[in-house]
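By full-length UniProt numbering, the letter at position 63 of the sequence shown is numbered 63, and the numbering carries on one by one without gaps.
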Amino acid sequence: MALYDSNQHRSILTNRERQIFQLLVEDHSTKEISIQLSISEKTVRNHISNTIQKLGVSGRSQAIVELLRLGELSLN
């Protein structure tokens, strides 16, 4: 089963996951993201871990590359 089907144009990320990874792309730390989104650092790390697991990659950097490739993130 494909994680992303371009024919359906459905995102594999939740809105919160997208917010977090967009902030990571903009070089924000986990702590900065937690403050900006008013959530705990643990919650930020959980969202990152969930996304890494969804994508089947081994870390944040690989997740970012894959999300850029899929068009889920942009380098504004």
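Built from N, CA and C at the ideal position, the CB exists for glycine as well.
Going by the beta-carbon positions, is the gap between residue i and residue j smaller than 8 Å?
i	j	result
Ile12	Glu72	yes
According to DSSP, is residue i part of a helix, a strand, or is it coil?
i	result
Ile12	coil
Ile52	helix
Asn46	helix
Beta-carbon within less than 7 Å of residue i's beta-carbon, same chain only, minus the 5 sequence neighbours each way: which residues are those?
i	result
Met1	Note on Met1: pLDDT 43, under 50, position unreliable in the model; the coordinate value appears next. Around Met1: no qualifying Cβ.
Glu41	Thr30, Lys31, Ser34
How big is the Cα-Cα spacing for residue i and residue j?
i	j	result
Leu75	Asn15	17 Å
Lys31	Val25	14 Å
Arg10	Arg45	24 Å
Leu68	Ile35	25 Å
Gln62	Ser29	17 Å
By Cβ distance below 6 Å, which residues in the same chain neighbour residue i in space, the five residues on each side in sequence not counted?
i	result
residue 86	As displayed, the chain neither begins before 1 nor continues past 76, which places residue 86 out of reach and without an answer.
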